[in-house]
Amino acid sequence: MTRIAVLGSTNMDLVAYVTTAPRSGETVTGQEFRTAPGGKGANQAVAAARAGADVAMIGAVGTDDFGDQLRTALEHAGVDIDLLRTTEGPSGTAHIVVDGDGGNAIVVIPGANGSLTSLSHADRALIAEAQSLLLQLELPMSAVLAGAETARRNGVRTILTPAPAQPLPCELLAVTDLLVPNEHEAATLTGVSGDPERAARALLADVPEVVITLGARGCLYASRAQPEPVAVLAPPVTAVDTTGAGDTFVGTLAVALGEGRPMTDALTWASAAAALSVQRPGAAASMPYRAEIDA
Ligand code: ADP
């Protein structure tokens with residue numbers, strides 16, 4: 018079984034469903050409110066576990082009720098949480114508005130995630146034994162960097178989701194094997210917007226392999242060995258909630274790559290998983306199991 022370590026955030030998602038998202042100064046009446054365990058790190062961990070990997074999560078929850086719920090959700094998903102800390106104070110929260118087209122807007126408050134500034138000996142040992150390390154940017158940069166450097170030193174593949182969008186330190190790019198931005202994040206990193214092919218080629222100056230996800234349009238893959246971007250289309254489906262689509266995609270992609278599948282096969286499998294997830298509400302709750310993805 019593929020062993021995947023995730024160093025990332027756990028948040029409670031507080032989701033409001035509306036027809037049209039409010040603009041600044043506006044109040045709208047929505048249809049429904051739900052809470053659901055989330056956070057980009059936890060979401061990728063659940064996606065990878067459901068896709069059939071042995072997954073361990075390094076992260077932090079708070080001492081509030083959300084912390085207990087987040088722990089339980091990861092445990093139920095079969096994720097190893099031995100290295101998930103509990104730190105005094107609130108858990109991370111994500112305040113999400115999902116509109117009638119399935120689009121979303123999100124505010125993340127880090128809470129306990131912000132306390133994870135460095136790695137323990139046990140964290141490093143766990144990373145060293147994994148095949149891949151999944152990273153995002155919802156933990157302090159010092160921890161993300163320490164994780165990626167540990168992985169690189171031990172020959173573990175580093176897969177970075179550069180979200181929330183922000184410029185990346187050179188030290189982090191230098192130890193990133195595969196970068197998986199969405200279109201918006203790719204534009205932030207490169208200054209190239211509206212031309213994902215050009216953005217993908219530009220990112221190869223920083224990392225050896227890149228996948229830019231393009232929502233309903235699928236994704237683009239480019240590598241230093243094959244710099245001309247290759248498109249993989251997303252299956253045409255009716256989206257009801259795209260929250261967590263990118264995390265489903267990355268978690269599943271890591272499993273396929275860990276199993277030694279060629280990149281284009283892995284991308285097709287990850288696209289199928291993400292397309293399944295957008296047809297159901299919620300982030301982690303909408304993630305498909307291996308048999309569904311294969312089907
Ligand atoms: P993020 O969720 O990080 O913003 P994207 O919106 O680019 O990322 O979506 C990630 C992946 O999820 C896409 O590459 C695609 O495979 C899948 N996906 C997203 N939206 C849809 C959709 N409406 N229909 C089918 N697949 C989708």
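In this note's numbering, the protein residues as written are 18 to 312.
Glycine included, each C-beta is placed from N, C-alpha and C at the ideal position.
These numbers were taken from a predicted model, which means no experiment stands behind them.
Any heavy atom of the ligand ADP closer than 7 Å to the Cβ of residue i?
i, result
"ALA273", "no"
"THR259", "yes"
"CYS236", "yes"
"LEU152", "no"
"PRO244", "no"
"THR230", "yes"
"ASN60", "no"
"VAL295", "yes"
"GLY124", "As written in the sequence, residue 124 is Val, which differs from the Gly given in the question. Every heavy atom of the ligand ADP is 7 Å or more from the Cβ of VAL124, so no."
"VAL254", "yes"
"PHE266", "yes"
"ASN171", "no"
Quick one: grab the DSSP three-state call for residue i.
i, result
"ARG218", "helix"
"SER149", "strand"
"MET74", "strand"
"GLY55", "strand"
"ARG20", "strand"
"LEU13", "The question about residue 13 has no answer, for the chain in this structure spans 18 to 312."
"THR175", "strand"
"ALA33", "strand"
"THR230", "strand"
"GLU188", "helix"
"LEU136", "coil"
"GLU166", "helix"
Please look up how many angstroms separate the CB atoms of residue i and residue j, rounded, as I've assumed it's under 8 Å.
i, j, result
"LEU154", "ALA180", "6 Å"
"LEU270", "LEU284", "7 Å"
"GLU188", "LEU162", "6 Å"
"GLU214", "LEU237", "7 Å"
"VAL197", "VAL267", "5 Å"
- Which residue spans inside the stretch 239-306 form an unbroken beta strand (DSSP E) run of at least 3? 247-249
- Counting Cβ pairs, one atom from each stretch, are 3 or more of them under 8 Å apart for the stretch 180-190 and the stretch 204-218? yes
- Message: Quick check on the DSSP output: what are the complete alpha helix (DSSP H) runs of length 4 or more inside the stretch 81-126, in order along the chain?
- Response: 82-93
- Message: Under 8 Å: do the stretch 36-50 and the stretch 158-171 share three or more Cβ pairs, one atom per stretch?
- Response: no
- Message: Below 8 Å, how does it come out for the stretch 66-77 and the stretch 301-311: are there three or more Cβ pairs, yes or no?
- Response: yes
- Inter-stretch contact at 8 Å, needing at least 3 Cβ pairs: the stretch 25-41 / the stretch 114-130: yes
- Check whether the stretch 240-257 touches the stretch 270-279, taking contact to mean three or more Cβ pairs, one atom from each stretch, closer than 8 Å. no
- Three-pair Cβ contact test at 8 Å for the stretch 100-113 versus the stretch 71-85: yes
- Message: Can you confirm whether the stretch 113-124 touches the stretch 57-67 when touching is taken to mean that 3 or more C-beta pairs between the two stretches lie within less than 8 Å?
- Response: no
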